[in-house]
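Participant: Just so you know, we're using my numbering here: the sequence shown kicks off at 748 and counts up by one.
For reference, the structure I am asking about is given below.
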Amino acid sequence: MTGQAARIAAAWRSARSVVPPGHLDAAGCNVPSDRVLDAVVAHLRLERERGGYAAVPDLTTAKSALAALVGAGPGDVAFLESGTAAMAALLGGWRLAPGSRVGHVRTEYGSTLMLLRHLAAWRGWNLVELPVDGDARLDVEGLRARLTAGLDLVIVSHIGSHRGVVQPAGEIGTLCRAAEVPFVLDVCQSLGHVEVRGAGASAYVGTSRKWLAGPRGVGFLIVPGVTPAMDAAAPTLGGHLWNEPSPGTGGERALPEPLPGAVRYESSEGAIAARVGLGVAVLEYHALGPSAVHARLADRGRMARALLDGAGGWRVAEPLEEPSALVTLRPPPGDTAEKAAARAAAASLLVSVVPTGRAPLDLREPVLRVSPPPGTPDETLHVRPASSPPDAS
């Protein structure tokens, strides 16, 4: 272990007085630090002492820290309740004309595919599946051809929930900008995990509880360039102005006017204490050093793949050298991800089963997901969560 890797591992562990035994589920729900927990509890106490509305915090610092991870500003950030809610707010209010062509990859997250199909049916959008290679990585030249043929929006998950392949976000962003096509990047599994700056997306959709190690119940949008065609699916008083019309001007048809920036998407009612906690988590992440964290996580992923691929007949789904810590395993005949997760739990390892609904166009059977956080020691990875059943060992 290098000095930098040792520093990251030690700092991550020392920030947490409690970590579930054998925690290998950062891609599901990571472990918040003691400071994050304290910030959430302190704000809940403040709400009780002062009243919820009197205790509303200034979240500018939190938004600035989050926005800096993609090269944006605090006014570009909106807090919502989850990544799914953020995607729904963004796409549900996007004024794309009937017949618009929306490109996506087959690895897209299940709830986003549901949303896209609903919007396609309701608004007459045409969904275009973008070409990928054998690892389900987007084919950049294929995207170029689709853009030339005509696309109106491109949506890509930077890293899928079910497969630890890192999509070429920078190249996608470059092509989309050249074609003047908006590009939405889902960073739920990538922000805090791999480099996101340089993607140049029109909007980023993310969540707190995974690689940023914030609390549950917080999602966010980062929208560096809101255009007139972009508004929230459901306007709120906190993000819009109600323009009182003059008598006799048909005021009943007046539309609310969105406020500048991403606040038009923000839900004013939510788990405010959790948003405070996310701000603390992001500042801690900056203090660790994003590049150092990325390198540490890539190392954890490579080690896990090298140890697990082939063990008990299980095979890793992504390339062994993929620079991510999201590791997925396909079962051999006669075994299942559910059985392997139960064996892992018996060995005090916390891993995930990813059902087919998370990626219905790409998954044919559930996979086992191992996603070590930065503080994971080598000895935890050497305990094989997907080992063969006792009668086949």
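Using N, Cα and C, we set each Cβ at its ideal position, and we do this for glycine too.
Only counting the same chain, and skipping five residues up and downstream in sequence, which positions put a Cβ closer than 7 Å to that of Lys-810?
Facilitator: Within the same chain, Lys-810 has close Cβ partners Pro-821, Val-824.
Participant: Quick one: what does DSSP say Asp-933 is sitting in, helix, strand or coil?
Facilitator: Residue state, collapsed to three classes: strand.
Participant: To which residues of the same chain is Ser-1015 closer than 7 Å at the C-beta, ignoring the five residues directly before and after it?
Facilitator: Here the set comprises Thr-983, Gly-985.
Participant: At the level of alpha carbons, what is the spacing between Met-834 and Gly-945?
Facilitator: Straight-line Cα distance between these residues: approximately 21 Å.
Participant: Does the Cβ-Cβ distance between His-940 and Ser-858 come in under 9 Å?
Facilitator: Cβ distance not < 9 Å, so His-940 and Ser-858 don't count as in contact.
Participant: Classify Asp-1109 as helix, strand or coil using the three-state DSSP reduction.
Facilitator: DSSP places Asp-1109 in coil when its eight states are reduced to three.
Participant: What are the start and end residues of the alpha helix (DSSP H) that includes Glu-1184?
Facilitator: In the structure as shown, the chain begins at 748 and stops at 1140. Residue 1184 is therefore absent and cannot be evaluated.
Participant: Name, in chain order, the residues that DSSP records as bridge partners for Arg-1077.
Facilitator: Answer is Arg-1062, bridged to Arg-1077.
Participant: Taking 8 Å as the limit between beta carbons, can you name the residues of its chain near Met-1050, skipping five residues before and five after?
Facilitator: If we look at Met-1050 and ignore the five residues flanking it on each side, its Cβ neighbours are Asp-1125, Leu-1128.
Participant: For Tyr-951, list the residues DSSP reports as bridge partners.
Facilitator: Partner(s): Leu-932, Ile-969.
Participant: State whether the stretch 759 to 774 contacts the stretch 1086 to 1102, with contact taken as three or more CB pairs (one from each stretch) at a distance under 8 Å.
Facilitator: Result yes; three or more Cβ-Cβ pairs closer than 8 Å.
Participant: On a Cα-Cα basis, can you pick out the residue from His-770, Gly-839, Gly-972 that is closest to Leu-728?
Facilitator: Not covered by the structure: residue 728. The range shown for the chain is 748 to 1140.
Participant: Spatial neighbours of Met-861 within its chain, please: C-beta separation below 7 Å, excluding the five flanking residues on both sides.
Facilitator: Nothing listed; no residue qualifies.
Participant: What residue from Gly-1104, Glu-942, Pro-1113 has the CA that sits closest to Ala-1042's CA?
Facilitator: Answer by Cα proximity: Glu-942.
Participant: Taking C-alpha atoms, which residue in Gly-1024, Val-849, Ala-752, Ile-919 lies nearest to Asp-805?
Facilitator: When each option's Cα is compared against that of Asp-805, the closest is Gly-1024.
Participant: Would you kindly work out how many angstroms separate the C-alpha atoms of Gly-799 and Tyr-856, rounded to a whole number?
Facilitator: So the two alpha carbons sit approximately 35 Å from each other.
Participant: By the 10 Å Cβ neighbour count, where 16 or more other Cβ atoms means buried, how is Leu-988 classified, buried or exposed?
Facilitator: Burial call: exposed.
Participant: Beta carbon of Ser-949, beta carbon of Val-934: below 9 Å?
Facilitator: No.
Participant: Are Leu-1035 and Trp-759 close, meaning C-beta to C-beta below 9 Å?
Facilitator: Yes, the pair counts as a contact, with Cβ atoms nearer than the cut-off.
Participant: Which residue marks the beginning of the beta strand (DSSP E) containing Ser-904, and which one marks its end?
Facilitator: Note, Ser-904: beta strand (DSSP E), 900 to 904.
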